[in-house]
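Which chain is which? The protein sequence lines are D and U, in order.
At position 284 of the first sequence the residue is numbered 284 (my numbering), and the sequence of numbers has no breaks.
Convert by adding 1000 to the 1-based position in the second sequence; the result is the number in my numbering.
A short write-up of the structure that comes next.
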Amino acid sequence: MTKTPMLSRVADSLFWMARYLERAEHTARLLDVHLHSALDLTPAAAGRRWRRLLTALHSPLAAENVAPYAIAQALIFDITNSDSITACITAARENARQVRERISSEMWEQVNRLYLYLRTTSMEEMWSGEPHLFFRNVKEGVHLFQGITDATLSHDEGWWFIQIGRYLERAMATAALIDVHFCTLDSQDATTLDYFEWVGLLKSCTAFEAYCKVYTASVHPEDVAEFLLLNAEFPRSIRFAADMIQEAAQAISRSSVPHATARVERFAGRLRAALDYGQVDEIMMDMHTYLMTIRRMCAQVHDALYQACISYSADEALR
Amino acid sequence: MFISYDIDSAYDEMFTASGQPRPQYAPLYERLTSLSAEELYRRQRAADAAFLNQGITFAVYGHGDGTEKIFPYDLIPRIITAAEWSVIERGLTQRIVALNMFLRDVYHEGRILADGVVPRDLIYSCRHYRREMRGVHVPRDVYIAIVGTDLVRDVDGRFLVLEDNLRVPSGVSYMLVNRQVMKRTFPTLFDRYNVRPTDHYGQALLETLRALDPFQRPDPTIVLLTPGVYNSAYFEHTFLARQMGVQLVEGRDLLVHDNQVYMRTTAGLQRVDVIYRRIDDDFIDPLAFRPDSALGVAGLFNAYRAGNVGLANAIGTGVADDKAIYAFVPRIIRYYLGEDPILPNVETYLAYDETDRRYILDNLDTLVVKAVGESGGYGMLIGPHSTREQREEFRQRILAEPRNYIAQPTVMISRAACFVDGRVEPRHVDLRPYILYGEGIVIVPGGLTRVALRRGSLVVNSSQGGGSKDTWVLND
């Protein structure tokens, strides 16, 4: 008997399940680093950093005259904010629920546990207690889910949809984060950012230790950019994500209709080439444009994937 | 252990009227008396954990936080002898063949109506009658491919048919899982009996569905159509899809183009040949039936009518399991097969008939009154357990819509031994065997024994707090 291909709906759910979890983890990580380092900042600097954080998370919230408590609440618990941690975990669980028979029961249990943890945690309790512990639980909860996924789910087409969702989200989020640090905000130049800000950026990508192993503890903007953009080995660099995206695109292509997924492969290949053959000194000349290009290429991969495998029109498919 | 086991007028599955274990139950009785209550508790807990861990649960409506419950499982098996089963098997085969002929006739020539055996207006006033199906050819003329018939035993131990479920019967997954759990909790006991296996149900179901491929391709694409994760039977849908190795699809995964059904896959559209649908007629195609249905597939009915896809069950089968039509099944069997029914009906009065209606209204306190279109134990009046207000309410309802009500004498249905609160006590049970009709009729030996876990209760439906137990059909 021939292997039946996967339902488009199932691929869609797996993809978004992975994206939402990655997004929740990213927000938790950024908030954790931010709250920790905000402790030794002047009020003006703190306001600037909140603004930067909100921009990196594409949040429409205004940082001015808003208490950190309110911002944190909006980013963590506000379910009307579709990017809040709770909203993301809820959406991930809902997607997992739709494909419960396709994923392993261990995966379902883990995402459900994480969801229930958020449901039973209150903002007041978390804020007055140890916020760091809360963020660690969220991050570890997502990491555990990813580990369980890799260890208990067949690495078939469905798993590749999870991979491509996770790494597309990661590449785009990291690009946005780098962008707010390098590009002028309030006519403030990147060179005026001090040492702690660059360390903050690295830590926001859990990259500080890995960076030091390559460049030692002397932190220069150009090295930071090179590491977070172009390092081939570090799992949170954009280049690493692009490698994974391409690998997943090729794998999906093998179990799909070749002519339909050719575009996905082409866009994924271009994204990868842009990073494989990138030169940091050239990139530094117009970082913002470069990062915008990377983000646009990620969006192209996403759109092409959806057109090829998920939201194609019936007329086209029957032609 | 059996200290509070009383034997009354109801037929007891385990004991004779004089309190002796029936021969087929003797080894089980012996085993049970050798176990302590703690030991039975331990096995009960192990069984419950097996259900929970395998995710064999149903969602509790009204809780968004993923609260799930297991369908209560009773440890002690119900045993059916080879001789008893042979009657059930022959009786069900006869009944299903006749009902299928009835459906074909009703939607084609209508001979049985012309001959006045079944009143014509009873058919046309049935909520589940589908005029759209008139003259439609269905593959192999099989309308009811998957059936779950409810049987009960009267005080003499005779099996009676209580209800034919000819639309989308559920519960077969519990029949199969109960057996798996039983083998794990009582392996040695199971070994002492020669129990006929049920494991091949998935295979038999697949063969039945294959038989419904209108084009009889060598490798048809078969799918199971579910209303989705919020349906209370979703576990069963995933279970059966896995047992058969077919795709579990929702309405939004399918589309119809040029009267051909396709499913959306990552490798493009794939043609679908047979659909085992677990969605009611009303919701299956918003273009043909309820336009507000978001669960169905637009255009599916036309594809079916064009003969491009097989459906199990066919559309419009509910006309034959209407509770008023039920009263005519013995006559239907005689009409088409020229045989006497092997499994009798429960005596039934139709409020639609004037004489019967008078009798019903005069005897509301002893009869069970049922609404014809309802199932799952809803819309019922159990006369002996009813209040004056309830009886008055039903009187008004019957007078307002006589076609919608039937009444039956309260059947003292049989009781089986159950493990309740640390003791073995009798509880009322029924039996739902599952019948498959493709190339021929296959009835997997067994069925779902449903238990009314509340003491004295006669209602076994899961929606009314019922449970279930494993059902053993013995070899000779």
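Glycine residues also receive a C-beta, built at the ideal position from the N, C-alpha and C atoms.
Since we're looking at a predicted model, the values are computed, not measured.
| Check | Outcome |
| --- | --- |
| Interface flag, M1244(U) vs chain D, CB-CB below 8 angstroms | no |
| For S253(D), three-class secondary structure by DSSP | helix |
| Candidates Q73(D), A74(D), M292(D) and L116(D): closest to A92(D) by CA position | L116(D) |
| Backbone secondary structure at P1021(U) - three-state DSSP | strand |
| Distance, A1233(U) Cα to L1206(U) Cα | 19 angstroms |
| Sequence-distant residues of its chain with Cβ nearer than 6 angstroms to R170(D) (five each side left out) | E22 and A241 |
| Backbone CA spacing between V1460(U) and H1108(U) [nearest angstrom] | 37 angstroms |
| Closer than 8 angstroms to chain U by CB, Q300(D) | no |
| Chain U within 8 angstroms of L7(D), Cβ atoms only | yes |
| Top-ranked residue by Cα proximity to I162(D), from D12(D), L318(D) and L7(D) | D12(D) |
| CB contact below 8 angstroms: A1211(U) versus chain D | no |
| Alpha-carbon spacing of V1473(U) relative to A1082(U), whole angstroms | 6 angstroms |
| Length of the line joining the Cα atoms of H36(D) and Q307(D) | 42 angstroms |
| With 16 other Cβ atoms within 10 Å as the buried cut-off, status of T152(D) | exposed |
| Beta-bridge partners of S122(D), as assigned by DSSP | BP columns for S122(D) are empty, so no partner. |
| Reduced DSSP category for M999(U) - H, G, I as helix; E, B as strand; rest coil | Lying before the first or after the last residue shown, residue 999(U) is absent from chain U, which here runs from 1001 to 1476. |
| Stretch-stretch touch, CB-based, cutoff 8 angstroms, three pairs: the segment 1133-1141 of chain U with the segment 1100-1120 of chain U | yes |
| Sequence-distant residues of its chain with Cβ nearer than 7 angstroms to V1155(U) (five each side left out) | S1009, A1010, Y1011 and M1412 |
| CB contact check: Q279(D) to chain U, cutoff 8 angstroms | no |
| Extent of the continuous alpha helix (DSSP H) run through Q163(D) | E157 to F182 |
| Extent of the continuous alpha helix (DSSP H) run through F1102(U) | A1082 to V1106 |
| Under the three-state DSSP convention, the category N1313(U) falls into | coil |
| Test item: CB-CB of L1028(U) and I1080(U) under 8 angstroms | no |
| Start-end ranges of the alpha helix (DSSP H) lying completely within the segment 32-96 of chain D, minimum 4 residues | 43-56 and 68-76 |
| Chain U contact residues for E157(D), given Cβ-Cβ distances below 7 angstroms | T1266 |
| V1249(U): contacting residues in chain D (beta-carbon distance under 7 angstroms) | L7 |
| Residues sharing a beta bridge with Q1408(U), DSSP | V1368(U) |
| Cutoff 8 angstroms: S13(D) Cβ touching any chain U Cβ | no |
| Below-8 angstroms beta-carbon distance, R1391(U) vs any chain D residue | no |
| Assumed close pair R1278(U), V1168(U) - CB separation to whole angstroms, cut-off 8 angstroms | 5 angstroms |
| C88(D): contacting residues in chain U (beta-carbon distance under 7 angstroms) | Correct list: empty, because the minimum Cβ distance to chain U is about 17 angstroms. |
| Cβ-based neighbour list, P1214(U), same chain, cut-off 6 angstroms, excluding 5 preceding and 5 following | P1139, G1307 and G1310 |
| Status (buried if at least 16 other CB within 10 Å, exposed otherwise) for I1333(U) | buried |
| Where the beta strand (DSSP E) through Q1270(U) begins and ends | G1268 to R1271 |
| Contact the segment 1179-1186 of chain U vs the segment 1418-1432 of chain U: 3+ CB pairs below 8 angstroms | no |
| Every unbroken beta strand (DSSP E) within the segment 1245-1294 of chain U, with a cutoff of 3 residues, ordered by chain | 1247-1249, 1254-1257, 1260-1265, 1268-1271 and 1274-1277 |
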